[in-house]
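Protein sequence lines correspond, in order, to chains A and B.
Numbering-wise (our numbering), the first sequence opens with residue 2 and increments by one.
Numbering-wise (our numbering), the second sequence opens with residue 298 and increments by one.
Read the structure below first, then the notes.
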Amino acid sequence: MIKALVMKEWLKVRWVFIGLVVLHGAALLVTYYDLLNTFKIYKANEVIIQFITFEVVFYSKVKYVSLLTGLGIGIFQFFPELNQSRLKLTLHLPVKENKLIFQMAATGAALLIVLSVFDVCILSLITLKFLPREFFDSMVTTTLPWYLGSLCSYFWVMIVFIEPGWVKRILMAIVGIGIVSLFFEGGGYAMYAPSLLYIGVLTFLSGAIIFLSAFNFKRGIW
Amino acid sequence: MVRYINAIRVLLMLIIVLAASIYLPDFFWKANKHENNKTNVFYSPILKDFVFIKADVRQTYYADAKGNYYTRDEFEPLLPFLNFRQLMLTGKLPESIDGIPIRPKEVSLNNINMRVQPALIQYKPLQIFPLFESASGRLRLELPPDFFRIRSRMEFITSLTNEINEEKSTLFTEALVKEGFSFPAKAIYGNPSTKKPFDEGYFVIDDKGKVFHIKMVKGMPFCKDTGIPTDLNIVCMVTTENELRESYALVITKKNEVFIISYDRYTLIKVPVDEYDYKENTLLIKGDLFYRVITVNHQNGYHSVVTDRKYQTINRTGESWSGSEITNAGVIAACLFPFTVNIEEETTPYINFYVHFSDYRALFALNISLLFAMYFFRKKHIPVRKAAIYCLVVLLTGIYGLIALLTVKDFDYEKRM
C-alpha cells in the first residue's frame, strides 16, 4: 500500500521534478560560467578581494530556484488532489490518515532534499575549483536557510491546499508567506549562522501543522 | 489522536504568534516612524568647552555647552582644526592657538576620526586575508597574488591556481613558531584594503590568547609578540593605519574597556569611555592637534569625554533625550505588544530572532486579549478545562495570541462532529 502511494505521488510530480532538475542544472551552469568568465576578465586576486569585501553571493540564483522548487512541488502534488477531490478518497483508504499524510509529505520532502543535495554537491565543486576552502564553508552556511526555506514553503503550500475552508486557506497562506519570508532575508555570507538551529526547528514545526490541516479536511472542520 | 491534534493546534498558534510578533510591530512602526535627532560633540580649543552640532530633518543647530546658539559662520571659528580649510578660504584661520602656531599641513595630519559600530565588532569576515608588502617602495599598496589563513599553520593560497604556496607558507609558519605563536589563530584583525596610506599588517590572537603583529617586509615575515596581556579578553581590534602613526589599533574588551596600542613598543593606553556597551553603542574617537573627544552614542543620547593627547581626562559631558517610547505611538506600542521579535537589528550583521519585551503597560492588552479569548470560548460553549491551554497562550502573548486564536478558531470541532 505504502509503495503504491509513493508511486502515486511520484507519478504526479515526476515531470515537474524533471523540469526542476533541468532548472537547477541551468542555474548552476549559469553560476559556473558567470564565475569562469569573471576569472577570465579580472585577475583572480582582485575577484577574491571583491568577493571578501562585498560578500558577493555568486550563487544567489540558487536562492530563487530553491523557493520556486518548494512551491512548485507543493502545488503540482496537491492541486490535482483538491481539484479532483482525490484526497477525500485517499484519506478513506484503510490506512491511518496521519500515516497517509506523512507518506505524501515525505515523498515531496525527499524530492526537495534530493534537489538540495544536488545543488550543494555541484556548488561545492564550482566553489572549490575556483576559490579557497573558506568560500565553500560559507557557501554551505549561506545556502542552508534557502533549502530549509524550500522545505518550509512546500509544507505551507500543502497546509494551504489541504485546509478545507477558503477563509482559513487564505489566513494560512498569509501566515505561510510570513514564515517562509524569514528564510530568504539578507544578502551576505552566512547571515543566518547564529539562527540555523531556530529556522531548522521552525521548518520541522511547520511540517507538523500538515496533520492539523488533514484532520480538519477529513472532518470538514472550517 | 485528538490529544496530538490539540498539541499541534497550540503549535500552530505559536507559529502565528511568532509571525505576528515580527510583522505587526514592523508595520506599526513603519506607519509611525520616529524622527531621529543627531548630535555631534566637539571640543573647542577657543572656548575650552564642548560645542555641539545638533541636527534634525528641518534644521542644523550650532550650540555651546552654556546653551548659546550660533550661526554657521560664527560657529566655524570655534573649531579651527575641524574647519581649517573653510577658515583658510575666508582668512579667519588663527595664526596660533595658546601660543602654538597653526600650520594647515600639521592640522590636517592630526585630524583623526575613528568609528566602531556594534555590528562591526560582531561581524566575522571570511578568515582569509591578503598580506600586503609593507615596504614595497611604491607609492600605493598593491594587492598580493595570494591570500593567507592561519589554522594548523600559516598558509598562503595562490589566487590564480587555488593551490597552497608551500615555500611562502613554510617561511611564515617557521617565523611564527620561532616567535612562540600557538596555532590555530583565534582571531585575525586588519584592514585588507589597498585604499590606505601604508600597511601595518595584521594583529593576530593565537590559541593561547597572545597578540602577535604580523606583516610582510620586503617579502620576509615580520612576526612580533606584542606582549599585550592574554587575560584582556579582546572582542575586537580595529586597525588605525593613518599618517599620524600614533596608534596601531583600537582594542575593545569583553569588559567594555577601550585601549589604544601605541607605536611605542605596543604599549596599551586606556581610553576613558563613559557607559559604553560594545554590543549596543557606537564609539567615536575624534582627534585634533590638542584634544581627543571620545563619544559613546546611545540610542537616545550620548556620553563624551575630552582628553589631552595622552588620553588624560579634561572634561566630560552627556545628554539623553526621550526616544520613541514616550510618543503616542510608543505608548500604544508598549500597551499593545507584549514583546517584539526583530530578525534584523542595527547592532548586528546577522539574522536571528531578537526578542524585546515591553514593560508593565503590556498587561493592559494581555488582560483585554484574555477577556476576548474567554468570551470566545464561552460563546462556543467550550469547557474551561479544554480552553485553558489556549487561554494560557493568549495570556502570555496578548494580541498575537488572540490573532492566533481567531485564525485557528476550530476549537469546537467535537460538537460539530
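C-beta: ideal position from N, C-alpha, C; glycine also.
Assumed close pair residue i, residue j - CB separation to whole angstroms, cut-off 8 Å
i: B:Phe674; j: B:Ala659; result: In fact, because the Cβ distance is near 22 Å, the residues do not count as touching under 8 Å.
i: A:Met173; j: A:Val161; result: 5 Å
i: A:Leu112; j: A:Phe18; result: 6 Å
i: B:Ala416; j: B:Tyr697; result: About 28 Å separates the two Cβ atoms, so there is no contact after all.
i: B:Asn337; j: B:Ile319; result: Not confirmed; about 34 Å, so no contact.
i: B:Ala755; j: B:Ile502; result: Residue 755 of chain B lies beyond the stretch modelled for chain B, which goes from 298 to 714, so this question has no answer here.
i: B:Tyr486; j: B:Ala546; result: 7 Å
i: A:Gly73; j: A:Leu36; result: Actually they do not touch by this definition, with Cβ atoms about 26 Å apart.
i: B:Glu373; j: B:Leu384; result: 6 Å
Own chain partners of residue i with C-beta closer than 7 Å, once the 5 adjacent residues on each side are dropped
i: B:Glu452; result: Phe445, Arg446, Ile461, Ser466
i: A:Gly177; result: Trp157, Ile160, Val161
i: A:Gly208; result: Ala106, Phe156
i: A:Lys62; result: Ala28, Val31, Thr32
i: B:Ala630; result: Pro322, Phe325
i: A:Ile76; result: Val158
i: B:Pro391; result: Pro377, Ile399
i: A:Leu24; result: Val66
Any chain A beta carbon closer than 8 Å to residue i
i: B:Arg446; result: yes
i: B:Arg542; result: no
i: B:Pro646; result: yes
i: B:Glu569; result: It should be noted that the sequence gives Pro, not Glu, for residue 569 of chain B. Not one chain A Cβ lies under 8 Å of B:Pro569.
i: B:Asn408; result: no
i: B:Ala416; result: no
i: B:Tyr499; result: no
i: B:Pro322; result: no
i: B:Gln596; result: no
i: B:Ala484; result: no
i: B:Thr704; result: yes
i: B:Val314; result: no
Beta carbon proximity, residue i to chain B, threshold 8 Å
i: A:Tyr193; result: yes
i: A:Phe216; result: yes
i: A:Phe156; result: no
i: A:Phe137; result: no
i: A:Ile123; result: no
i: A:Ile49; result: yes
i: A:Leu213; result: yes
i: A:Tyr33; result: no
i: A:Asn46; result: yes
i: A:Leu132; result: yes
i: A:Ile53; result: yes
i: A:Gly150; result: no
DSSP-derived helix/strand/coil call for residue i
i: A:Gly20; result: helix
i: B:Arg437; result: coil
i: B:Ala316; result: helix
i: B:Met714; result: Caution is warranted here: a pLDDT of 46 is assigned to B:Met714, below 50, making its placement in the model unreliable, and no coordinate value can be reported.
i: B:Gly584; result: strand
i: B:Leu547; result: strand
i: B:Ile525; result: coil
i: B:Arg446; result: strand
i: B:Lys483; result: coil
i: B:Asn639; result: strand
i: A:Gly189; result: coil
i: A:Arg170; result: helix
i: B:Lys552; result: coil
i: B:Ser393; result: strand
i: B:Val568; result: strand
Same chain, Cβ closer than 8 Å to residue i, five either side skipped, listed in chain order
i: B:Leu440; result: Pro427, Phe429, Thr491
i: B:Lys505; result: Ser479, Thr527
i: B:Glu577; result: Pro415, His595, Gln596, Thr644
i: B:Asn649; result: Ile640
i: B:Lys363; result: Asp346
i: A:Leu68; result: Trp147, Gly150, Ser151, Ser154, Val181, Phe185
i: B:Ser341; result: Phe347, Val348, Asp361, Leu375, Leu376
Beta-carbon contacts of residue i that lie in its chain and below 6 Å, excluding the five residues immediately before and after
i: B:Tyr651; result: Asn639, Glu642
i: B:Thr614; result: Phe347, Ser601
i: B:Val413; result: Val535, Leu580
i: B:Phe654; result: Phe636
Check: Any chance the stretch 113-128 of chain A sits against the stretch 166-173 of chain A, with 3 or more Cβ pairs inside 8 Å?
Finding: Cβ pair count under 8 Å is below three, so no.
Check: Does the stretch 495-508 of chain B come within contact of the stretch 406-422 of chain B, defined as at least 3 CB pairs closer than 8 Å?
Finding: no
Margin query: Is it the case that the stretch 529-543 of chain B contacts the stretch 552-561 of chain B, given that we only count it when at least three CB pairs across the two stretches are under 8 Å?
Written below: yes
Notebook entry, point to check: Okay, do the stretch 659-672 of chain B and the stretch 346-363 of chain B touch, 3+ Cβ pairs below 8 Å being the bar?
Noted result: no
Notebook entry, point to check: Does the pairing of the stretch 140-148 of chain A with the stretch 33-48 of chain A give three or more beta-carbon distances under 8 Å?
Noted result: no
Check: Using 8 Å as the Cβ pair cut-off and three pairs as the minimum, do the stretch 399-412 of chain B and the stretch 622-637 of chain B touch?
Finding: no
Item checked: Given 8 Å, three or more beta-carbon pairs between the stretch 199-207 of chain A and the stretch 328-337 of chain B -> no
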